[in-house]
Ligand code: MRU
């Protein structure tokens, strides 16, 4: 079962807002609907929103009434800008949109109808590649996870955050499927609770041993030597290895250093943004404070109470033991190893 999938002329996706209570699907027939599904987190997770955006742009091409290639490209650029703005931190979104725009503007497809077909094929390729890439990351990362360990994990980086299989949770899955006994402590990940709602749901299906913990308990378990390794995902990795991930990752990294616990991020090379020298330049999405005060409609505090809701933070590269990519594990100095990893994908 894929998180996002092209089916009968539309994009079918799991509605992640309904989990773990219901497994519901939505069918999106326009680029506007896809843009909104990314913004409201029907679909979320950097690789999953990249694939969704690619299908969204393919839908935009089909919706456009343009008769000339230039008019079609203009429509695609407009839709692409709106897709990119839906969630600004995860670079996979812009990466996927730009990949399709590069095809549209390369000059090889002067006929608008040919281009419409080619863009759909390209979106499908991005989705298929994502699954293959995740399985390669799983194989590389599984070597880091020894039999009998406890992994601490933040947010959701499993099949739901990708087209299928997952990044950091994909590594857990690969190690588990190789026969290793693993226990996973899942940060609940406030305010959207991706850890308790989505990661726990996934590990239930796989049969991997897990416990949900409050985000604030991570240090407690580290201090008691109950955490052997920390695996997280990434939404954007700068050229020096600084990376943005779900809010709360930064404090985990600092505590991991204090307790000498290996700390890895697992991400495809499409998450690496070599155009940004350091994490300071990564744009951080600020979401509606109502997600903090009234999560999923629950009344924790009166609606007028003030709150702030940054969706991501940036972890400096010095806290990272390594970055697991589909092309192997990048180690410090990251300025060199990340360039090698990205070059590996272009070959
Ligand atoms: O806000 P979300 O749920 O989209 O955030 C997801 C994360 O931060 C993940 O760790 C990241 O996208 C990597 S997912 C493979």
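In this note's numbering, the protein residues as written are 1 to 347.
We put the beta carbon where it would ideally sit given N, CA and C, even for glycine.
Residue of the options minimising C-alpha distance to residue i
i, options, result
"residue 4", "159, 240, 226", "159"
"residue 319", "266, 272, 148, 250", "250"
"residue 19", "163, 201, 165, 58", "201"
"residue 2", "33, 146, 52, 31", "52"
"residue 195", "326, 168, 182", "168"
"residue 95", "288, 274, 181", "274"
"residue 248", "332, 178, 152, 296", "152"
"residue 242", "227, 198, 321", "321"
"residue 156", "219, 83, 231", "231"
"residue 254", "218, 97, 329", "218"
"residue 175", "73, 144, 187", "144"
"residue 244", "82, 191, 281", "281"
"residue 237", "213, 229, 210, 269", "269"
"residue 338", "295, 277, 289, 296", "277"
Sub-8 Å separation of residue i and residue j beta-carbons
i, j, result
"residue 86", "residue 39", "yes"
"residue 150", "residue 240", "no"
"residue 293", "residue 92", "no"
"residue 184", "residue 198", "no"
"residue 162", "residue 130", "yes"
"residue 33", "residue 119", "no"
"residue 100", "residue 127", "no"
"residue 327", "residue 341", "yes"
"residue 256", "residue 325", "no"
"residue 35", "residue 77", "no"
"residue 259", "residue 223", "yes"
"residue 314", "residue 344", "no"
"residue 63", "residue 97", "no"
"residue 234", "residue 189", "no"
Cβ shell of residue i (< 8 Å), same chain only, five flanking positions each side left out
i, result
"residue 25", "12, 13, 14, 15"
"residue 173", "138, 158, 165, 166, 206, 208"
"residue 37", "13, 26, 28, 43, 52"
"residue 135", "165, 170, 174"
"residue 41", "16, 17, 192"
Close beta carbons around residue i, own chain, < 7 Å, minus the five adjacent residues each side
i, result
"residue 283", "88, 89"
"residue 227", "150, 152, 185, 221, 261"
"residue 10", "27, 28, 29"
"residue 147", "180, 181"
"residue 291", "191, 192, 309"
"residue 215", "187, 188, 189, 190, 248"
Residues near residue i in its chain [Cβ-Cβ closer than 6 Å; skip 5 each side]
i, result
"residue 287", "309, 311"
Sufficient close CB pairs (3 or more, under 8 Å) joining the segment 59-75 to the segment 109-116: Short answer: they touch.
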